[in-house]
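Report on the following structure.
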């Protein structure tokens, strides 16, 4: 029994030393991963916070840890995977991290009925964690103003891409002017729109001779084609 005690003490001591080395190596790798993600994502907002989730992975002495992002198309924020290679063996080990991005975004200051054109007066700027917002949120004013609410919007809600649409400049079965232009010529004919369309949309126009031509909406009641359109 007495001969076993020193061996047990030595084993415990070795375990503590090894565990301490592993913890220090893991901490070094985690710190490197955190700094890497903060720098990599700093363009996403005014402030970036990164929480690296420690794992039970065994880490060697991690001198000069080299973090990298796996090529799997993951988003810049939210829960992400980051790889780290250490000088000791260059083997890739992976950590999970939570990336939060803080910046401004826009909400409607009052309830907005469907069909309402969004103006700056209807909007209010908010500051917060944009990584927690729903997918498809619009954050730039130029991407919001002038669009039309395609459904009712609740007071204080952020603006999402699928909730807004361009205002139609051409209605289905509306009389429109079809303009064909090219180098040195411009021809305008009247026709009947077969589709609804906003600025830049492609619509079909039926002419008096029943010919159907596709063109781009370039203004209220105006559709343009390049060349003859035939």
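In the working numbering, the protein residues as written are 501 to 730. Beta carbons: idealized from backbone N, C-alpha and C, even for Gly.
Residue i versus residue j: straight-line alpha-carbon distance, rounded
i           : j           : result
residue 624 : residue 608 : 6 Å
residue 521 : residue 577 : Note that residue 521 scores a pLDDT of 44, beneath 50, so its modelled location is shaky and nothing firm can be said.
residue 614 : residue 710 : 36 Å
residue 533 : residue 561 : 16 Å
residue 655 : residue 626 : 13 Å
residue 581 : residue 571 : 10 Å
residue 683 : residue 646 : 33 Å
residue 676 : residue 651 : 28 Å
residue 648 : residue 563 : 56 Å
residue 635 : residue 687 : 45 Å
residue 695 : residue 674 : 9 Å
residue 568 : residue 621 : 44 Å
residue 680 : residue 643 : 30 Å
residue 587 : residue 528 : 12 Å
residue 546 : residue 540 : 13 Å
residue 616 : residue 590 : 58 Å
residue 566 : residue 530 : 11 Å
residue 712 : residue 603 : 49 Å
Span of the beta strand (DSSP E), counted from its first residue to its last, around residue i
i           : result
residue 627 : 623–629
residue 596 : 592–608
residue 566 : 566–568
residue 680 : 675–682
residue 693 : 685–693
residue 713 : 712–719
residue 585 : 578–585
residue 637 : Note, residue 637: premise wrong, no beta strand (DSSP E); not H, not E.
residue 668 : 668–670
Residue i, buried or exposed, once every other Cβ within 10 Å from all chains shown has been counted against 16
i           : result
residue 641 : exposed
residue 601 : buried
residue 479 : Given a span of 501 to 730 for the chain in the structure shown, any question on residue 479 remains unanswerable.
residue 536 : buried
Cβ shell of residue i (< 8 Å), same chain only, five flanking positions each side left out
i           : result
residue 669 : 697, 698, 699, 717, 719, 720, 721, 722
residue 714 : 702, 703, 704, 705, 725, 729
Short Cβ contact (8 Å threshold) for residue i with residue j
i           : j           : result
residue 664 : residue 618 : yes
residue 553 : residue 597 : yes
residue 611 : residue 544 : no
residue 678 : residue 725 : yes
residue 693 : residue 667 : no
Cβ-based neighbour list, residue i, same chain, cut-off 6 Å, excluding 5 preceding and 5 following
i           : result
residue 550 : 534, 537, 538, 597, 599
residue 658 : 605, 607, 633, 637
residue 639 : 605
residue 542 : 548
Residue i: CB within 7 Å of a non-hydrogen atom of the ligand MN
i           : result
residue 689 : Judged by which ligands are present, the structure shown has none, so any question about the ligand MN falls away.
7 Å CB neighbourhood of residue i in its chain, flanking five on each side removed
i           : result
residue 592 : 583, 585
residue 691 : 676, 678, 705, 706, 707
residue 689 : 678, 707
residue 579 : 596, 598
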